[in-house]
Amino acid sequence: MTGHDARLVPAAFAAWSGSLLAVAGPTPRRWAVVVLVVVLAIGAAGLRRRRPGASVDRRRAVAAAAVVAAVAGSAAMATAVAAAEARAWAPVGDRIVLEGRVLEVRGGAGSTWVELSAASWGREAEGSRAAASGAVGVALDDAAGGAPGEGALQAAVGDTLVVTGRVASGATPRRAALVRDAVVLARDPPAGWSAAVVRARSGFALATSALPQPTRGLVHGMVTGDDAAVPAAQLAELRVSGLAHLTAVSGAHFAIVAGAVVAVARRARAARAVIAVAVVGSALALASVVDGGGSVARAVGTAAVAAAALAAGRPSRAVPALAAVVTVLVVVSPPLASDLGFALSVAAVLAIGVVAPVLAVPLSRRLQGWLAHAIAMTVAAQAACLPLLASIGADVGPWAVAANAVAAPFAAPVTLLGLAALVVAPAAPVAAAACTQVASWAAWPIALAARAFAAAPGGDLRWPGGVAGAVLAAVAAAPLVLAGLAPRLALGAHLGLIALVVAPGVLPPALGGAARGWVVAACDVGQGDALVVSAGGAVVMVDAGPPGDASGDCLRRLGVRAVDLLILTHDHDDHVGGVEALTRRVTVRDVWLPPGASAATVADARGAARAIPAPDAGTRVALGGVAVTVLQSGPVPASRDGTELNDSSIVTLLEASSGAGGLTTLLALGDLELDGQARLLSGLATTPAALSVDVLKVAHHGSAVQDPRLVAAVALRVAVISAGEGNRHGHPAPATLALLAGTPVLRTDLCGDILLAPVGGAVGLVRPCPTGVAG
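For the sequence shown, my numbering begins at 291 and goes up steadily by one.
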């Protein structure tokens, strides 16, 4: 076996770790992760195959690798800090004027969700504008935008918009800001190349619109990376069968295009330099017309390195090329360090370049060469990605490798025919329609494979999520890794990976481990709500907190990797703002949308397997050991007025049966105002169980707007108030605390995460509140 040149690996690890540290924050656990991966990476540089008399060269190589790693890590941290500062321009709560290019548009009832690439901004009252950067989510108010044919209703990808709206939240690793209640002031259609891209995508959408399901959405997604047209049921089948990556543009798409370009150019006897330029040009063109994140950036970078090697007449080596690309990308674009798509792409490419060739050797003795290499690449990539997917609780079934082996041969014709349709659609729509029709025929085996493997015996089983799943996946992948890499390097990396994924499950919470023994948790998400109930293997969550990763971080602290049901009580940012980030961190199977959900909330909930309209009062579902009863829902707010939205809150009674521990009940009131509380009080007579509960989630973060009659009517053991430390609203109000006098009151602003469990027929804290319990 030929050794792999790992001299640039420490630099890649150092840059990635440094950028992640700067973007995510310097917690002790992250420092430990950084130190571990850098040490492993530097050690990796010295684990190349021995050559006679190479000990001095090895020491020099390790020293050089350490220096390069230190430089790369420092540069990555510096650029990450600078990028974070550049994105921190949005003043939360102010109305601003914002100009930017439209990246994405999603429609919904009453509003349109638009993702902008910010160019400039200014306060509405000031009139002047300054430079801005980063992606901004904007919820456009269709009613304010004008009649059909005007304003928000005509926003399209590639347009330059000037909008005015209220900044609902500031910078996160993904976005610079979130703007609500926005109105379009001006719109300029795209020009030049951007206009050509828009025409191509529009023509391609028209060409695929006549295709039958289940191939219509599949072809569109496999070519452009936009899975909006894929039915929810088919998306679930693709996820379970391990084929969902086909609808996310990745390196495979670029490899197919590059292979076709090289084949045509060589047949035309083009010079190496011409072929290299054609490869880079095709990669950049593809990147400009498809939807994708870190995986597309990685693919373009790899194509550029491969083209440079081709032009120079040198072979392209997978490990140093990938390490160089990772180093440059995380320095230039720090948010990629926390992009799961980027991590999955890097893991897959590394496995395909290092492990797959070794696996293909024994397979080639029994199979045709092309089939052996296809299976080897599929198995290697799946094995490399599985620990990452398992760590976030992704729904990957046991047949993923087999499904990919069946579907892989059909991915190339679908991609090439679809791209051909994309190119010719503006000028020759008939030819584009013909190409998409043939692509649809090639996509049928993929659709059938997804359905068959999702329904196969054992297909309803899932790879375990969380710590156990990640460890099991890493152990299962170990023989492949050991076969493809230098043994000592593989062993060191494997032990390091196991140490990282095992730690949360075996360490105490104080050292970064997951909390244990809880049934009800009120997450400390700042000024917002996020409640979690877990029993009988099921997890139900009420609200997702404000925009950002606070709710996802809480679930990590709780050891939760999958949520069976997420209930969004009402459409306010401090309750629904964290949905998008949450669905990227954990698997969310069902979401109950709030009454009158905005387009922004509907779009954010697309990461869940199913988004279900707000349930009616009286709805009851049982999931594992958790029973959910809807006591009140709506009415649908007639406007975006804060009081109307609060009073539309979905009110639920959650009953958690924890075996020998008994039954724990939680009454979650959302942000009900006085009218909503009065309606609830009048209806409680029909639900006697709600009149006596273990835990009451006090309405509206403990604001002064509380109906004393409701508090008096409900017999409760513990009151929970979710509020941000030092919040500007003064929550919880002194009057509310006085109203609850005599009842233990637990507050997230004082206690942090509040973890409760049944104790001797009552309910108690799993761990004490540092400041004590009021009441």
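Think of the CB as a built atom: it goes at the ideal place given N, C-alpha and C, for glycine as much as any other residue. Bear in mind that the values here come from a model prediction, so they are computed numbers and not experimental data.
* CA nearest to the CA of A429, picked from L944, E416, A408 and V453 -> V453
* Using the C-alpha atoms, what's the distance from R851 back to R875? -> Roughly 8 Å between the two C-alpha positions.
* **Nonlocal neighbours in the same chain, by C-beta distance under 8 Å from A495, ignoring five residues either side** => H510
* To do: Starting from the C-beta of L971, find all residues in its chain whose C-beta is less than 8 Å away, skip the five residues before and the five after it, and write them out in chain order.
  => D997, R999, L1000 and A1003
* Asked: Taking L451 as the reference, which of L393, D471 and A486 has the closest Cα?
  -> L393
* To do: To the nearest angstrom, report how far apart V586 and V639 are at their CA atoms.
  => C-alpha separation (whole angstroms): 13 Å.
* **Closest residue to V920 among A871, P884, L848 and V691 (Cα-Cα distance)** => P884
* Taking all protein chains shown into account, do 16 or more other C-beta atoms lie within 10 angstroms of the C-beta of A895, making it buried, or fewer, making it exposed? -> buried
* Given a threshold of 16 other Cβ atoms within 10 Å of its Cβ, counted over all protein chains shown, does V696 qualify as buried or as exposed? -> buried
* **Inter-residue spacing [alpha-carbon to alpha-carbon] between V988 and V615** => 51 Å
* Asked: Counting Cβ pairs, one atom from each stretch, are 3 or more of them under 8 Å apart for the stretch 470-481 and the stretch 545-562?
  -> no
* DSSP on I902, reduced to helix/strand/coil? -> strand
* Inspect the beta-carbon positions of L974 and L956 and report whether they are closer than 9 Å. => no
* From A898, V1035, G886 and W411, residue whose alpha carbon lies closest to that of D906 -> When A898, V1035, G886 and W411 are compared, the shortest CA-CA separation from D906 is found for G886.
* Asked: With C-beta atoms as the reference, is S635 less than 9 Å away from R588?
  -> Yes. Within cutoff.
* **For L913: DSSP bridge partner residues** => In the DSSP assignment, L913 is bridged to V916.
* Nearest neighbour of L858, chosen from A560, G868, D833 and A415 [CA to CA] -> The shortest C-alpha to C-alpha distance from L858 to any of A560, G868, D833 and A415 is the one to D833.
* Asked: Terminal residues of the continuous alpha helix (DSSP H) containing I1044?
  -> It is not in any alpha helix (DSSP H) - I1044 instead sits in the beta strand (DSSP E) that spans I1044 to V1049.
* F700 versus F544: straight-line alpha-carbon distance, rounded -> 15 Å
* Nearest-angstrom Cβ-Cβ length linking A1023 and A994, presumed shorter than 8 Å -> 4 Å
* To do: Determine the direct distance from the alpha carbon of W483 to that of A594, and round the result to whole angstroms.
  => Spanning the two alpha carbons is a distance of roughly 21 Å.
* What separation, rounded to the nearest whole angstrom, lies between the Cα atoms of A828 and A721? -> 51 Å
* Same chain, Cβ closer than 7 Å to L1055, neighbours up to 5 away in sequence not counted -> Correct list, in chain order: L1045 and L1046.
* To do: Could you check the C-alpha separation between E414 and A599 for me, to the nearest Å?
  => If you take the alpha carbons of E414 and A599, they lie about 51 Å apart.
* Under 9 Å, do S410 and A422 count as touching if we go by C-beta distance? -> Yes, these two residues count as a Cβ contact at 9 Å.
* Where does E945 fall in DSSP's three states? -> strand
* To do: Give me the Cα-Cα distance between V569 and P605, rounded to the nearest whole angstrom.
  => 15 Å
* Asked: Roughly how many angstroms lie between the CA atoms of A698 and L1036, to the nearest whole one?
  -> 54 Å
* **Cβ-based neighbour list, R910, same chain, cut-off 8 Å, excluding 5 preceding and 5 following** => A917, V918, T919 and V920
* To do: Just list the beta strand (DSSP E) runs in the stretch 572-602, keeping only unbroken ones of 3 residues or longer that don't cross its boundaries, in chain order.
  => none
* **Residue closest to Q922, alpha-carbon to alpha-carbon, out of D961, A946 and L913** => D961
* **Segment contact flag, the stretch 618-627 with the stretch 649-656, C-beta cutoff 8 Å, min 3 pairs** => no
* Starting from the Cα of D819, find the closest Cα among A745, W808 and L856 and give me that residue. => Nearest option by C-alpha distance: L856.
* **C-alpha distance - A602 paired with V609, whole-angstrom precision** => So the two alpha carbons sit approximately 18 Å from each other.
* Buried or exposed for I902, please, with buried defined as at least 16 other CB atoms from any protein chain shown within 10 angstroms of its CB. => exposed
* Pick from T498, F743 and L630: whose alpha carbon is nearest that of R529? -> F743
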